[in-house]
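What follows is a short report on a single structure.
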Amino acid sequence: MLIISVIFILVGVISIGHTIYNPLDEKYEFNNFENKQAIIYGILMIIFGVYFIIFS
Numbered sequence: 289m290l291i292i293s294v295i296f297i298l299v300g301v302i303s304i305g306h307t308i309y310n311p312l313d314e315k316y317e318f319n320n321f322e323n324k325q326a327i328i329y330g331i332l333m334i335i336f337g338v339y340f341i342i343f344s
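Residues in the sequence shown are numbered from 289 upward in steps of one, following the working numbering.
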């Protein structure tokens, strides 16, 4: 269970970091729907990872 939660947290951090700092993009646009969705998914993955760590 701990391995699953660490994987959740890592995927969340990587998705948020790749969305905010994407070297292929010229500039970062937060108003873009895909960027907002990726950040929300990353935050949810981190929350689920912390939840699994607390309740395991």
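In this text, a Cβ means the ideal position worked out from N, Cα and C, and glycines have one as well.
From what residue to what residue does the alpha helix (DSSP H) around residue i run?
| i | result |
| --- | --- |
| M289 | Run containing M289: none; DSSP gives neither H nor E here. |
| N323 | 321-342 |
Out of the options, state which residue places its alpha-carbon closest to the alpha-carbon of residue i.
| i | options | result |
| --- | --- | --- |
| Q325 | G300, F340, I291 | G300 |
| G330 | I304, F321, I291, I292 | I304 |
| V294 | I342, L332, G337, F343 | G337 |
Assuming contact is defined by CB atoms lying nearer than 8 Å, are residue i and residue j in contact in what I supplied?
| i | j | result |
| --- | --- | --- |
| L290 | I341 | yes |
Please report the Cβ distance between residue i and residue j, rounded to the nearest whole angstrom; I am assuming they are in contact, meaning their Cβ atoms lie under 8 Å.
| i | j | result |
| --- | --- | --- |
| I328 | I297 | Between I297 and I328 the Cβ distance is about 16 Å, and since that is not below 8 Å, they are no contact. |
So, at 6 Å on beta carbons, what are the nonlocal neighbours of residue i in its own chain, with the 5 sequence-adjacent residues on each side left out?
| i | result |
| --- | --- |
| Y309 | none |
| S344 | M289 |
| N323 | T307 |
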